[in-house]
Amino acid sequence: MKKNILLFILIVFAYNLSAQRLDPLRTKDFDAQNVWVDSIMSTMSIDEKIGQLFMVQAYSNLDKKHEEFIIEMIAKYHVGSLIFMQGTPQKQAQLNNKYQDTAKVPLLIGFDGEWGLDMRLDSTYRFPWNMTLGAIKNDALIEQFGKHLGQHAKRLGIHVNFAPVIDINVNPENPIIGNRSFGESKKNVTQKAIAFIKGMQSEGVLANGKHFPGHGDTAADSHHTLPVLNFDLARLDSIELYPYKKTFDVGLASVMTAHLNIPSLESDANLPTSLSKSVVTNLLQQQLGFQGLIITDGLNMKGATNYATSAEIDLAAIQAGNDLLLIPQDIPASVSLIKTALKMHTLTEKRLDFSVRKILKAKYWAGLHNYKPIVLDHLQEDLNRVEDELLHRELVKNSLTVVKNNDLSLPVRTLENKKIAYVKLGDAENNAFVNMLKNYTKVEVVSDKNLNGIIKKLKPYNYVIIGFHKSNLHPWKSYKFSNKDLVWLQEIARKKKVVLDVFTSPYSLLQIKSFKNIEGVVVSYQNSKLAQELSAQMLFGAFEANGKLPVSIGDNFKEGFGITTSNLSRFEYTIPEAVGMSSKKLALIDKIADTIMDEKMAPGFQVFVARNGKVVLEKSYGYHTHDKKIKVKNSDVYDLASLTKILASLPLIMKAEEEKKISLSASLRDILPSFSNSNKDTVTVKEILSHFGRLKAWIPFYLGTQDSISHKNLSVFYRKKKSNIYNIKVAENLFLNKHYKDSIYKHIKNVDQRDSEGYKYSDLGYYLFKEALEAKYQKPLDKLVDDEFYKSLGADRTTYLPLKKFTRNQIVPTEIDTYFRKQLLQGYVHDMGAAMLGGVGGHAGLFANANDVGKIMQMYLQKGFYGGKRYLKSETIDKFNRRYYSDKKVRRGLGFDKPQLNPDVKATCGCVSEESFGHSGFTGTYTWADPKSGLVYVFLSNRVYPNMENIGLLKSNMRTKIQEVIQDAIVE
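Residue 37 is where the sequence shown starts when you use my numbering, and the numbers rise one by one after that.
Structural data, given as structure tokens:
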């Protein structure tokens, strides 16, 4: 009696549920939809109706024979649907148009594109796996992901995309779902699925929930066998069926039935759920009330084919309640058997019409009542849009998950105290990760064939980043650590501070028995180039980590857990469109680059562009010299010439001003008592910084050490070998008498001032600032600026005396000096005066790459803050980035150059704001920052090669022409 009452309640519940659920295939203009469907149904023969039940496998990378086979299936057997498999988008589009022309009724085109068309097609876009997306908190991003997949599918004539996978992956050993699932939480999986479905179906592409009734807790692959799920109805209802019920409520258009053995649903142990009427009709349609399109999983899979013949399987699938047969194996035999079943009334025409009508409704829903061929023009570009990369970046950024962060190890702070090593585990590519890490500071790759060797090599380091890299080829690739990797990880962690970053499934962490000695653990989910780059950026605080684990890692880290890290306002590296700039417009720089190199204005150069704290262009052009032997790399360092003034001396002067060690109103005699009673003693710091102190432009000190007739260096001043007296290294095998330094300062002190007041750019004040700063801080200038700024900024490619730090091939040469040092200058400062000071000058001597120059300029732009550290007060930056003598026609701020007051002077492109600031350098360098546009621009070249008379770069204003291109590239 109780059983009868319970059965009655279930029947009533199912009836009500079915009545309440809306038909997801019904369109807004359903009257017109019905007219179209009826008009086709009324003219169809039985054979044509049967043909509509088949979705045949079609390839765009096979031969003519396959093409003819598909045409035969459509023409002879009236096949109504195709699923395209491997190939190329261009060929698929051509074949699609051809096959559609063959069909009497437009074909419904299906596709497996769970993470994008890349799942099957070459040269198309690949988004992250679902497991990666499951870590994202913001479901609006998942909806956008669905929209993008829908747009790609629509562009290629695809009407149903077999996605999303809504299996709840509660079994870490699941061999076929795993990364294809949004995770183990039924609520998270459901929320992600709903967002995806809304997004894709909003673009007119049918979504497909798979694999019904749930493939997430299997340990077998239905492609190879029939997996068994021994769960009772209560468990299935609470877990596996949960996302289906919820997605039906929001209009999921289609469902894929899985090849599973679930005894609680189907008593026949040999009958797959996909062929079970109890599952497909009773459960899915009657109890759950689903009225959308029901499609089998591939009927070529062993989970189905082991049951019976292909024709018998196809008939059984229809009898079970499926509408579409995916990848049937023998259509002629199936058609024959279905016709026999109709004659024998084991299948009724009413049942046939029921499915055919649903298929036609789906075709109308997808727009096939108004079929148009695929436009072949610009297909490749439309399937690989910049908008797709922007979304991809946001998806990856928001997925990155920190699950352990002892001692606030992440993001990496206080770079001045860090000696960082990177160790690779795993067997996949890691270059993108390593290269990006090196953008932030010095990170050394440490490797060895044995554990003892690597432990020994790691001794000098106090922070070790271990990257675990596994293949990103597809989501089924192994994610597991080798035994060797596990041993190495624990031994390194036992001795060093370690951050582990896994570029694979979070399930890989299940192998780690103890996390006790590992300070930081990051899950980056995949080993894609983008995941590697963005994970490295997150480690250094370019943006915060917000991801949450989509699955549990035993008792160590539970599903939904993730630590939010800090944004330290370090550079993020992205694409121009991420900051409202145009890649196409920035590409004009390449044309200017060709002109520069073709006309030999410089053998090579670096261009760097950042906006709003995001680097959007970092590119090297050409070679070190015109012989084209060594290509310029982004890591190569250039002689910055006068950029030294604002990148070395100026930040120290600002610091000294804040600390009241040097006042802007102070006179030279105040900061250098030796200048008392000189003709410069009353010149103020503010005047010198503004180039308004009546100082001479420069003094060629080296001429005073040469014979006036032969211009040879005098032996009283120089030696080829270093000694106690001759210990100032000017260049290779050239050492200056140490006492000559006093002569330089004496000369500056005694030289006449200019007669007239007004603006005159001068190096001389920076010789004096060097002396004053070193006296105030009791440190050499190079050591002082390195300690106070460069180390903590991560400007490890910025230095004086670069040969002490870099190999020659990492240093771009400047001039073939024929007048003083008589050699190619490589690693030695070009400026003669700075050279005579031993390579360290307040006005020149600094070497760097463009990325590091950008960091310092960004620190200025961020009002003295960068990398989680305040270097200078905001008001200090404002104080120095201001003109004090504009009424005297002086365009300069304090140290900084400013936009021209005289339009005939090309200090900038004339297209930057009055708030902007920067500097140029004699060797062909230039940098500029604009608070109004948020731009930082760096141009580094060796235009003085082969000699300083090479002024084409300056005469043609190439540096500011590039600046104009950059400014014009801002589109929002």
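Don't be surprised by glycine CBs; every beta carbon is placed ideally from N, CA and C.
Q: Could you say if the region 835-849 and the region 919-928 meet the contact criterion of at least three C-beta pairs nearer than 8 Å?
A: no
Q: Output yes or no for whether 7 Å exceeds the beta carbon distance between L804 and E810.
A: no
Q: With a 10 Å radius around its C-beta and 16 neighbouring C-beta atoms as the bar for buried, classify L262 as buried or exposed.
A: buried
Q | 6 Å CB neighbourhood of A256 in its chain, flanking five on each side removed | A | P263
(Q) Can you tell me whether P299 is buried or exposed? The criterion is at least 16 other CB atoms within 10 Å of its CB, across all chains shown. (A) exposed
Q | Cα-Cα separation between G116 and A402, rounded to whole angstroms | A | In a straight line, the C-alpha of G116 is about 14 Å away from that of A402.
Q: Would you mind reading off the limits of the alpha helix (DSSP H) that contains T35?
A: The structure shown does not extend to residue 35, since the chain is modelled only from 37 through 1008, so no value can be given for it.
Q. Which residue spans inside the region 624-658 form an unbroken alpha helix (DSSP H) run of at least 4?
A. 624-634
Q. Near I764, which residues of its chain fall below 8 Å by C-beta distance, leaving aside the five closest residues on each side in sequence?
A. Listed in chain order, the non-local C-beta contacts of I764 below 8 Å within the same chain comprise F771, L772, N773, K774, Y776, K777, M872, L873, G874, local neighbours out to five positions each way being set aside.
Q | Straight-line gap, V201 to F469 (C-alpha atoms, nearest Å) | A | 30 Å
Q.
Out of A870, I82, L861, P511, which one is the CA nearest neighbour of Y738?
A. A870
Q. Do you know offhand how far E465's Cα is from S564's?
A. 9 Å
(Q) For R755, tell me which candidate among A767, S744, L990 has the shortest Cα-Cα distance. (A) If we check each option's Cα against that of R755, A767 comes out closest.
Q: Give, in chain order, every unbroken run of the alpha helix (DSSP H) that is at least 4 residues long and sits entirely within the region 281-341.
A: 338-341
Q: Along the alpha helix (DSSP H) that carries N244, what are the first and last residues, could you check?
A: From DSSP, N244 is part of no alpha helix (DSSP H) but of the beta strand (DSSP E) over 244-248.
Q.
Comparing C-alpha positions only, which one of I761, L882, Q862 sits nearest to K17?
A. Examination of residue 17 is not possible in this model, given that the chain is present from 37 through 1008 alone.
Q) CB-CB under 8 Å to L731, same chain, minus the five flanking residues each way: which ones, in chain order? A) K716, V719, I724, Q789, R790, K796, S798, L800, G801
**Q.** A352, enclosing alpha helix (DSSP H) - first and last residue
**A.** According to the DSSP assignment, A352 belongs to the alpha helix (DSSP H) that extends over 346-356.
Q. Alpha carbon to alpha carbon, how far is S1011 from R57?
A. With the chain represented from 37 up to 1008, any question about residue 1011 goes unanswered, as that position is not in the structure.
Q: Out of D823, Y902, I1006, state which residue places its alpha-carbon closest to the alpha-carbon of E452.
A: Nearest C-alpha to E452: D823.
Q) Which of the three DSSP states, helix, strand or coil, is assigned to N749? A) Residue state for N749 is assigned as strand, using DSSP reduced to three classes.
(Q) Can you tell me whether Y795 is helix, strand or coil according to DSSP? (A) coil
Q. Buried or exposed: which applies to V1001, given that a residue is buried once 16 or more other Cβ atoms fall within 10 Å of its Cβ?
A. buried
Q) Can you tell which of M91, E84, I784, A340 has its C-alpha closest to the C-alpha of P736? A) I784
Q) Among all the DSSP beta bridges, which residues are the ones paired with N773? A) DSSP lists Y762 as the beta-bridge partner residues of N773.
Q) Near F551, what residues of its chain come up, given a Cβ to Cβ distance below 7 Å and the 5 sequence neighbours on each side ignored? A) K440, V557, N592
Q. How is the beta strand (DSSP E) around G462 delimited, first residue to last?
A. 456-462
**Q.** Straight-line gap, D832 to A189 (C-alpha atoms, nearest Å)
**A.** 46 Å
(Q) Let me make sure I understand the geometry here. Which of L415, K513, I110 has the alpha-carbon closest to that of T540? (A) K513
Q | Backbone CA spacing between M868 and K667 [nearest angstrom] | A | 27 Å
Q. Hey, F576 and Y499: beta-carbon distance below 7 Å or not?
A. no
Q.
Given this structure, state the Cα-to-Cα distance separating F901 from K478, to the nearest angstrom.
A. Roughly 20 Å between the two C-alpha positions.
Q) Looking at E654 and F641, is the spacing between their C-beta atoms short of 7 Å? A) no
Q) What residue does the alpha helix (DSSP H) around G988 start on, and which one ends it? A) 988-991
Q. Over what stretch of residues does the beta strand (DSSP E) that includes A871 continue unbroken?
A. Not the beta strand (DSSP E): A871 falls in the alpha helix (DSSP H), residues 868-872.
Q: Using alpha carbons as the reference points, say which of Y855, S792, E694, G794 lies closest to D743.
A: Y855
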